[in-house]
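Engineer: Here's a structure for you.
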Amino acid sequence: MCWAYKNSYMLYKKKIFKRITGIFILTLATVSGHAQNTSSPYSVLGIGDIENDDYGRYSASGSAAVSRRENGYYNFANPASLTVMGYKSINLDFGFRGRISRFKLPGADTLTSPSKDFIVKRVTLAFKVTPSVAIAFGIKPFSSVNYQYNVITAIADGSAQYLKYTDGSGGIYQSYFSGAKQLNKHFSIGATASWLFGSLQNSTEYYNTNIGLDIIKNENKFYYGAGLQTGLQYYTATDKKWKHTIGITGSIYTRLKGQNTVDYTESGTALKTPDPEDISFKLPVSVTAGYSVKNINGIGLHVQGNYQKWPVQKLEYQNSFVTNAYNFNAGVEYTHNFKELPVESYYLAGGVKMEQSYLLIKGQNLNTYAVTLGGGKNISRLISLNAGLEAGKRGKYTFNQIQEKYVQFSFGVTLKDFWYGTKRFGRFN
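If you're matching positions, the sequence shown starts at 13 in the working numbering and goes up one per residue.
Spelled out as structure tokens, the structure:
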């Protein structure tokens with residue numbers, strides 16, 4: 013009998029090990045794979061488009077997430093929310109986003125043809141290691157760059173013209189480790205340490221067959237840095253008619269440092285490679301606060317505001333600077349629980365969002381306005397799905413800005429299971 017128990021236990025441990033190994037392999041494969049062909053015109057400035065939004069459970073309610081605590085879903089907005097996980101549970105969270113954009117250029121009467129984008133937005137593995145402590149780690153984009161420009165320019169003496177084609181890609185990635193602890197029945201605290209790294213590529217081609225001009229300038233900016241986010245959540249008892257939650261986070265980052273390398277080629281032949289240049293980019297101090305209220309019937313309201321204090325710095329392009337940024341997010345949601353258990357069966361949500369970018373162009377702010385909707389469902393004890401749709405507008409045509417109209421779809425999958433603990437923490441039975 014003892015031998016049979018030990019054999020069964022060893023087989024179960026091997027099964028758990030294979031499952032977790034498969035999780036990590038799938039994680040690495042997912043992070044490395046993405047495709048995109050869209051142009052994001054303003055990502056030519058600074059370090060590209062900063063990723064402020066949620067692409068998981070809370071995207072449908074306007075990405076108002078800093079005060080949210082739903083079991084079975086990962087919430088990157090506030091590390092303190094990790095404590096809502098069940099003891100000895102393990103969650104693997106994937107977030108994806110697809111986007112279709114059309115642009116209206118200054119001086120144009122019509123929109124450009126649609127451009128499309130699809131990319132993995134987050135992969136996270138989270139554990140509840142004790143009844144009051146949880147940890148998580150993962151990777152996500154911090155900023156993204158993807159633009160293309162074609163300009164026909166006259167040579168100085170006016171004798172000919174040449175085509176200037178500019179192509180940019182890359183971005184900054186954020187790898188992170190989070191930890192959270194429940195202090196008592198109403199308070200949880202958490203922290204997320206991040207390592208930022210990545211490169212921004214820019215290729216500019218000067219081309220005219222009639223005068224034999226075919227020169228390409230390749231520029232690669234590599235950055236690295238670190239960040240720290242701290243979070244706090246206060247929440248009332250779950251068995252009350254109304255449940256209230258308040259969430260607060262603060263984030264700081266080191267200055268991004270790195271090198272810029274440049275090389276020139278003519279018709280495929282190397283011309284010149286200047287010495288690498290040391291570069292840096294200052295990041296903001298950020299504060300976010302939010303409030304959620306939910307009644308026993310499943311109706312909830314969620315709001316949050318974010319402010320980013322950016323150091324003043326000039327960008328490479330004319331009349332372009334860095335400025336302070338802020339976001340406002342709000343959403344409503346209906347949640348239906350299983351009859352037998354206080355566990356979410358499905359939810360439906362809608363929301364609004366407004367963002368003022370960190371980019372100041374010709375004295376004008378770059379703003380985004382959008383509406384969101386979506387829902388999600390626990391399709392089994394092991395799998396939760398969520399999806400969101402967002403439609404919005406970025407930039408203002410009357411400010412002589414490139415105006416973008418977009419529709420984006422976000423999709424998330426959470427795989428859930430239980431895991432064996434060490435002797436210190438006990439074992440799952």
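Note that the Cβ used here is the ideal one computed from N, Cα and C, for glycine as well.
1. When you compare each of A361, Y188, K269, Q213 to G310 by their alpha carbons, which one comes out closest?
2. Out of T426, Y418, F430, state which residue places its alpha-carbon closest to the alpha-carbon of P126.
3. Between the C-alpha atoms of L295 and Q330, what's the straight-line distance to the nearest angstrom?
4. Can you tell me whether K435 is helix, strand or coil according to DSSP?
5. If you drop the 5 nearest sequence neighbours on each side, which residues of the same chain put their C-beta closer than 7 Å to that of L225?
6. Using only alpha-carbon positions, find the residue among S79, I167, V145, Q376 that is nearest to G191.
7. Alpha carbon to alpha carbon, how far is T410 from G119?
8. Based on DSSP bridge pairs, tell me the residues matched to F421.
9. Span of the beta strand (DSSP E) holding A301?
10. How long is the line joining the alpha carbons of Y70 and N379, rounded to whole angstroms?
11. In angstroms, rounded to a whole number, what distance separates the CA positions of D105 and N341?
12. Here's the rule I'm using: 16 or more other beta-carbon atoms within 10 Å means buried, otherwise exposed. How should T250 be labelled?
13. Tell me the rounded alpha-carbon separation between F423 and S101.
14. Select from F149, K193, N307, T216 the residue whose C-alpha is nearest the C-alpha of T248.
15. Going along the chain, which residues of its own chain have a beta-carbon closer than 7 Å to the beta-carbon of R81, five neighbours each way excluded?
16. By Cβ distance below 6 Å, which residues in the same chain neighbour V299 in space, the five residues on each side in sequence not counted?
17. Looking at S211: is its Cβ nearer than 8 Å to the Cβ of F234?
18. In whole angstroms, what separates the C-alpha of Y54 from that of Y159?
19. Excluding the 5 residues flanking K197 on each side, which residues of the same chain have their C-beta closer than 8 Å to its C-beta?
20. DSSP three-state label for T221, please.
21. Taking DSSP as the reference, what is the three-state secondary structure of S125?
22. If you count every other CB in all the chains shown that lies within 10 Å of the CB of T122, and 16 or more means buried, which is it?
23. For L195, count neighbouring Cβ atoms within 10 angstroms of its own Cβ and tell me buried if that reaches 16, exposed if not.
24. Looking at the unbroken beta strand (DSSP E) that takes in P323, where does it start and where does it end?
25. Return helix, strand or coil for K428, following the three-state DSSP convention.
26. Use the C-beta contact count for S20: other C-beta atoms within 10 angstroms, 16 or more gives buried, fewer gives exposed.
27. Between K374 and the rest of its own chain, which residues show a CB-CB distance below 6 Å, the 5 nearest in sequence each way excluded?
28. Assuming A301 and L240 make a contact with CB atoms under 8 Å, what is their CB distance in whole Å?
29. Is R134 buried or exposed, if buried means 16 or more other CB atoms sit within 10 Å of its CB?
30. For K128, which of T142, R109, V141 has the nearest alpha-carbon?
31. Using 8 Å as the threshold, is the C-beta distance between A337 and Y303 below it?
32. Quick one: which unbroken beta strand (DSSP E) runs of 3-plus residues sit fully inside the stretch 230 to 283? Chain order, please.
33. Using only CA atoms, which one of R114, I264, N349, G84 lies nearest to F430?
34. Give every residue of the same chain whose Cβ lies closer than 6 Å to the Cβ of P286, excluding the five residues on either side of it in the sequence, and list them in chain order.
35. For S155, which three-state DSSP category applies?
36. Residues in its own chain within less than 8 Å of H348 by CB, not counting five upstream and five downstream?
Structural biologist: Judging by the given coordinates:
1. Residue numbering aside, residue 310 sits at position 298 when the sequence shown is read from its first letter. Of the listed residues, the one whose Cα sits closest to G310 is A361.
2. Position 114 of the sequence shown, counted from the start, is the residue given in the question as residue 126. Nearest option by C-alpha distance: Y418.
3. Translated into the one-based positions of the sequence shown, residue 295 becomes position 283. Translated into the one-based positions of the sequence shown, residue 330 becomes position 318. Roughly 21 Å separates the two Cα atoms.
4. Within the sequence shown, numbered from 1, the residue matching residue 435 stands at position 423. With a pLDDT of 46 at K435, under the threshold of 50, the predicted position of this residue should be treated as unreliable, though the coordinate-derived value follows. DSSP places K435 in coil when its eight states are reduced to three.
5. For the purposes of this step, residue 225 is taken as residue 213 along the sequence shown, with counting starting at 1. Closer than 7 Å at Cβ, skipping near neighbours: Y174, Y218, Y219.
6. Taking the first residue of the sequence shown as 1, we reach residue 191 at position 179. Distances from the CA of G191 to each of S79, I167, V145, Q376 were compared; the closest alpha carbon is that of V145.
7. One-based indexing of the sequence shown puts residue 410 at position 398. One-based indexing of the sequence shown puts residue 119 at position 107. Spanning the two alpha carbons is a distance of roughly 10 Å.
8. For the purposes of this step, residue 421 is identified with residue 409 of the sequence shown, where counting begins at 1. As a beta-bridge residue in DSSP terms, F421 pairs with G110, L401.
9. Along the sequence shown, one-based indexing puts residue 301 at 289. 297 to 307 is the span of the beta strand (DSSP E), which, as asked, contains A301.
10. Residue mapping note: residue 70 aligns to position 58 of the sequence shown, counting from 1. Residue mapping note: residue 379 aligns to position 367 of the sequence shown, counting from 1. Distance between the alpha carbons of Y70 and N379: 21 Å.
11. The sequence position of residue 105 within the sequence shown is 93, counting from 1. The sequence position of residue 341 within the sequence shown is 329, counting from 1. Between D105 and N341, the alpha-carbon positions lie close to 23 Å from each other.
12. Numbered from 1 along the sequence shown, position 238 holds the residue referred to as residue 250. It is exposed - the Cβ of T250 has fewer than 16 other Cβ atoms within 10 Å.
13. The count along the sequence shown starts at 1 and reaches residue 423 at position 411. The count along the sequence shown starts at 1 and reaches residue 101 at position 89. Approximately 22 Å between the Cα atoms of the pair.
14. Residue numbering aside, residue 248 sits at position 236 when the sequence shown is read from its first letter. Checking every option, the nearest Cα to that of T248 belongs to N307.
15. If you number the sequence shown from 1, residue 81 lands on position 69. Once the five neighbours on either side are set aside, the close Cβ partners of R81 are S93, V96, Q245, Y247, T257.
16. Start at 1 with the first residue of the sequence shown, and residue 299 comes out as number 287. Here the set comprises G262, Y319.
17. As a working mapping, residue 211 is identified with position 199 in the sequence shown. As a working mapping, residue 234 is identified with position 222 in the sequence shown. Yes, the Cβ-Cβ distance between S211 and F234 is below 8 Å.
18. As a first step, residue 54 must be located in the sequence shown, where it is residue number 42. As a first step, residue 159 must be located in the sequence shown, where it is residue number 147. Their backbone Cα atoms lie some 8 Å apart in a straight line.
19. Position 185 of the sequence shown holds residue 197. Beyond the five residues adjoining it in sequence on each side, K197 comes within less than 8 Å, by CB distance, of A249 in the same chain, given in chain order.
20. Within the sequence shown, numbered from 1, the residue matching residue 221 stands at position 209. Secondary structure at T221: helix, using DSSP grouped into helix, strand and coil.
21. Taking the sequence shown and counting its residues from 1, the one referred to as residue 125 is at position 113. In this structure, DSSP gives S125 a state outside helix and strand, which the three-state scheme calls coil.
22. Within the sequence shown, residue 122 is the residue found at index 110, counting from 1. Result: exposed.
23. Taking the first residue of the sequence shown as position 1, residue 195 is located at position 183. Around the beta-carbon of L195, fewer than 16 other beta-carbon atoms lie within 10 Å, marking it exposed.
24. As a position in the sequence shown, residue 323 is number 311, starting the count at 1. That residue, P323, is in no beta strand (DSSP E); it is neither H nor E in DSSP.
25. Taking the sequence shown and counting its residues from 1, the one referred to as residue 428 is at position 416. DSSP places K428 in strand when its eight states are reduced to three.
26. One-based indexing of the sequence shown puts residue 20 at position 8. With a pLDDT of only 49 at S20, under the threshold of 50, the placement of this residue in the model should not be trusted; the figure read from the coordinates follows. With fewer than 16 Cβ atoms within 10 Å of its Cβ, S20 is classed as exposed.
27. What you label residue 374 is simply residue 362 of the sequence shown in a count that begins at 1. Hits under 6 Å: N331.
28. Residue 301 sits at position 289 when you count from the first residue of the sequence shown. Residue 240 sits at position 228 when you count from the first residue of the sequence shown. Your pair A301 and L240 does not check out as a contact, with CB atoms roughly 18 Å apart and the cut at 8 Å.
29. Against the sequence shown, residue 134 aligns to sequence position 122. Answer is buried; the Cβ neighbour count reaches 16.
30. For this step, residue 128 is matched to residue 116 along the sequence shown. The shortest Cα separation from K128 among T142, R109, V141 belongs to R109.
31. Here residue 337 refers to the residue found at position 325 when the sequence shown is read from its first residue. Here residue 303 refers to the residue found at position 291 when the sequence shown is read from its first residue. With a cutoff of 8 Å on beta-carbon distance, A337 and Y303 are scored as not near each other.
32. Listed in chain order, they are 254 to 265, 268 to 278.
33. By one-based count along the sequence shown, residue 430 stands at place 418. When each option's Cα is compared against that of F430, the closest is G84.
34. On the sequence shown, residue 286 is found 274 positions in, with the first residue counted as 1. Excluding sequence neighbours, P286 sits near V274.
35. One-based indexing of the sequence shown puts residue 155 at position 143. Correct three-state label for S155: strand.
36. For the purposes of this step, residue 348 is taken as the residue at position 336 of the sequence shown. Excluding residues up to 5 positions away in sequence, G310, E356, S357, Y358, Y359 lie with their Cβ nearer than 8 Å to the Cβ of H348 in the same chain.
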